[in-house]
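**Q** Numbering (my numbering), first residue to last: 21 to 440.
#1: Rounded to a whole number of angstroms, what is the C-alpha to C-alpha distance between residue 404 and residue 254?
#2: Can you tell me where the alpha helix (DSSP H) holding residue 161 begins and where it ends?
#3: Do residue 48 and residue 74 have their C-beta atoms closer together than 8 Å?
#4: Between the alpha carbons of residue 97 and residue 311, how many angstroms are there, rounded?
#5: Nearest to residue 160 by alpha carbon, out of 429, 231, 338 and 248?
#6: So which of 426, 134, 417 and 421 has the shortest CA-CA distance to residue 371?
#7: Pull up the CB-CB distance for residue 155 and residue 46, whole angstroms please, since I reckon it's below 8 Å.
#8: By how many angstroms is the C-alpha of residue 418 removed from the C-alpha of residue 41?
#9: Compute the Euclidean distance between the alpha carbons of residue 36 and residue 434, then round it to the nearest angstrom.
#10: In the DSSP assignment, what residue or residues form a beta bridge with residue 53?
#11: Can you check DSSP and say which residues form a bridge with residue 324?
#12: Under a three-way DSSP split, which group does residue 395 fall into?
#13: Could you tell me whether the segment 108-126 touches the segment 169-185, where touching means 3 or more Cβ pairs closer than 8 Å?
#14: According to DSSP, simplified to helix, strand and coil, what is residue 247?
#15: Write down every uninterrupted run of the alpha helix (DSSP H) in the segment 90-178 whose length is 4 residues or greater and which is fully enclosed by it, in chain order.
#16: Does the Cβ-Cβ distance between residue 437 and residue 38 come in under 8 Å?
#17: Out of curiosity, what's the CA-to-CA distance linking residue 222 and residue 167?
#18: Under 8 Å, with one C-beta from each stretch per pair, do the segment 311-321 and the segment 251-269 reach the 3-pair mark?
#19: Excluding sequence positions up to five away, which residues of its chain have a Cβ less than 8 Å from the Cβ of residue 342?
#20: Take residue 50 as the anchor and find which of 112, 324 and 399 has the nearest alpha-carbon.
#21: By the DSSP assignment, the beta strand (DSSP E) with residue 253 in it spans what residues?
#22: Are the CB atoms of residue 106 and residue 146 nearer to each other than 8 Å?
#23: In the DSSP assignment, what residue or residues form a beta bridge with residue 44?
#24: Count Cβ pairs between the segment 219-234 and the segment 361-368 that sit closer than 8 Å; are there 3 or more?
#25: Is the Cβ-Cβ distance between residue 130 and residue 122 less than 8 Å?
#26: According to DSSP, which residues form a beta bridge with residue 353?
#27: Report the rounded CA-to-CA distance for residue 330 versus residue 348, giving the unit in angstroms.
#28: Below 8 Å on the Cβ atoms is my guess for residue 192 versus residue 22; work out the distance and round it to an integer in Å.
#29: Compute the Euclidean distance between the alpha carbons of residue 88 and residue 153, then round it to the nearest angstrom.
#30: Would you give the residue range spanned by the beta strand (DSSP E) that residue 228 belongs to?
#31: Relative to the C-alpha of residue 407, which residue among 273, 396, 431 and 355 is closest?
#32: Where does residue 32 land, buried or exposed, given buried means 16+ other C-beta within 10 angstroms?
#33: Find the nearest neighbour of residue 318 within the set 56, 94 and 415, judged by alpha-carbon distance.
#34: Please classify residue 150 as buried or exposed, where buried requires at least 16 neighbouring CB atoms within 10 angstroms.
#35: Along the chain, where does the beta strand (DSSP E) containing residue 75 start, and where does it finish?
#36: Within 10 angstroms of the Cβ of residue 169, are there 16 or more other Cβ atoms? Answer buried if so, exposed if not.
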């Protein structure tokens with residue numbers, strides 16, 4: 021499931037509109053619960069699952085909030101009032117107190133921009149609000165721990181909060197597979213191949229790509245291949261870029277990444293067998309709502325998304341036990357994180373002010389250019405980087421679209437949707 025909104029994702033929605041991808045508005049309920057500090061082993065049976073301490077509706081579409089029955093009435097009232105006060109204060113701060121940007125310091129060095137944790141401390145945001153509400157939601161979006169989220173550039177988070185404020189959640193009708201079908205039309209796709217190196221050729225003679233592919237019955241071992249292309253676009257995480265593209269190996273090692281596990285299953289015991297939770301006693305028309313459960317500790321934020329129609333559940337960063345017999349699919353992927361230091365690296369590589377090859381902007385997508393000496397900048401030697409991390413913002417789908425649009429622009433290709 022990929023939820024988005026028009027506020028933070030203007031280019032993504034514009035692309036969907038151009039491609040004729042249908043999407044619709046969705047309402048969500050977010051439950052907040054705490055994982056035991058000593059880990060998930062304490063969650064041995066369904067009845068030991070943590071009870072929610074608060075239920076939040078997307079864009080506050082349900083006022084007053086739903087009260088979990090495990091939470092007493094006056095406790096629920098005090099929690100709601102406290103949360104409302106903190107949200108108002110945090111929203112005002114986001115609007116009128118900008119995060120500190122990178123700036124020169126004594127000795128000629130540049131001081132990195134303000135981290136999200138530093139920003140929160142500067143504004144005296146209450147610790148309970150941060151640990152119980154801000155970090156679980158944001159850490160689930162970025163798929164990281166609380167400490168890693170606090171180390172994000174403050175500008176990323178504040179920009180995301182401002183642009184997505186009160187913007188309805190949207191979801192592609194039919195799922196992301198509909199987008200994949202549309203984008204892959206006319207493309208030649210080769211699976212089961214592993215790129216081992218990308219090398220810029222001298223004198224503008226192209227880019228050499230080397231990869232391994234599976235052998236056949238006569239030759240079961242992997243078979244190496246190589247080919248020279250006019251342009252090569254790398255749409256992979258920074259750790260993969262560093263492993264196959266030598267000019268960026270050092271800098272990519274300073275961009276943090278996290279390995280994430282995601283499980284699709286039908287084990288509803290972790291969510292349904294909680295008779296004390298009013299969440300499942302609600303019957304809302306015209307359609308069942310979406311439930312997303314945040315179960316958080318300082319070290320992990322487990323996110324459980326229940327499909328409103330089927331009995332399928334998706335769990336990211338699983339911390340509670342899942343019946344192995346009910347697992348449909350299990351996958352691992354790499355998530356790129358952000359720090360003030362990695363932000364400086366990304367800004368240097370993708371700075372539009374330095375988008376020059378051989379001293380002049382690119383105007384012809386077919387023209388081969390030699391790479392200049394010095395640090396790599398996107399497009400040097402006709403090697404391009406795109407992806408959710410290839411822009412100055414939260415590592416989300418909008419970054420994929422914006423970075424791809426910028427590469428298309430530099431290659432002289434007209435982007436047929438809105439300006440950016």
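Where is the CB? At the ideal position from N, CA and C, for every residue including glycine.
**A** Taking the structure as given:
#1: The alpha-carbon of residue 404 is positioned some 6 Å away from that of residue 254.
#2: Element bounds for residue 161: 155-162.
#3: Contact: no.
#4: Roughly 22 Å separates the two Cα atoms.
#5: For residue 160, the nearest C-alpha among the options comes from 338.
#6: With distances taken between Cα atoms, residue 371 lies closest to 426.
#7: That belief does not hold up - the Cβ atoms of residue 155 and residue 46 are roughly 24 Å apart, past 8 Å.
#8: CA-to-CA, the gap between residue 41 and residue 418 works out to about 16 Å.
#9: When only Cα atoms are considered, residue 36 and residue 434 end up about 17 Å apart.
#10: DSSP lists 315 as partners of residue 53.
#11: Residue pairing for residue 324: DSSP places it in a beta bridge opposite 313 and 335.
#12: Assigned with DSSP and collapsed to three states, residue 395 falls in coil, not helix or strand.
#13: The count of Cβ pairs closer than 8 Å, one atom from the segment 108-126 and one from the segment 169-185, reaches three, so the stretches are in contact.
#14: Strand at residue 247.
#15: The alpha helix (DSSP H) runs lying completely inside the segment 90-178 and spanning 4 residues or more are 93-116, 136-142, 155-162 and 166-170, given in chain order.
#16: For the 8 Å CB-CB criterion, residue 437 and residue 38 form a contact.
#17: Roughly 44 Å between the two C-alpha positions.
#18: Contact between the segment 311-321 and the segment 251-269 is not established, with fewer than three Cβ pairs separated by less than 8 Å.
#19: Cβ contact annotation for residue 342 (same chain, cutoff 8 Å, sequence separation greater than five): 283, 285, 287, 290 and 335, in chain order.
#20: Ranking 112, 324 and 399 by Cα distance to residue 50 puts 324 first.
#21: That run of the beta strand (DSSP E) goes 252-254.
#22: In contact: residue 106 and residue 146 (Cβ atoms closer than 8 Å).
#23: For residue 44, which the question treats as bridged, DSSP gives the partners 191.
#24: The segment 219-234 makes no contact with the segment 361-368: fewer than 3 CB pairs, one atom from each, lie closer than 8 Å.
#25: Yes; because the gap between Cβ atoms is below 8 Å, this pair is in contact.
#26: 280.
#27: C-alpha separation (whole angstroms): 13 Å.
#28: Contact between residue 192 and residue 22 is confirmed by a C-beta separation of about 7 Å, below the 8 Å threshold.
#29: Taking the straight line from one Cα to the other gives about 16 Å.
#30: Per DSSP, residue 228 belongs to the beta strand (DSSP E) from 227-233.
#31: Of 273, 396, 431 and 355, the residue nearest in Cα terms is 355.
#32: Buried, because 16 or more other Cβ atoms sit within 10 Å of the Cβ of residue 32.
#33: When C-alpha distances from residue 318 are compared across 56, 94 and 415, the shortest belongs to 56.
#34: Under a 10 Å Cβ-count criterion, residue 150 is classified as buried, with 16 or more other Cβ atoms of the shown protein chains found around its own Cβ.
#35: Here the beta strand (DSSP E) through residue 75 covers 74-77.
#36: Answer is buried; the Cβ neighbour count reaches 16.
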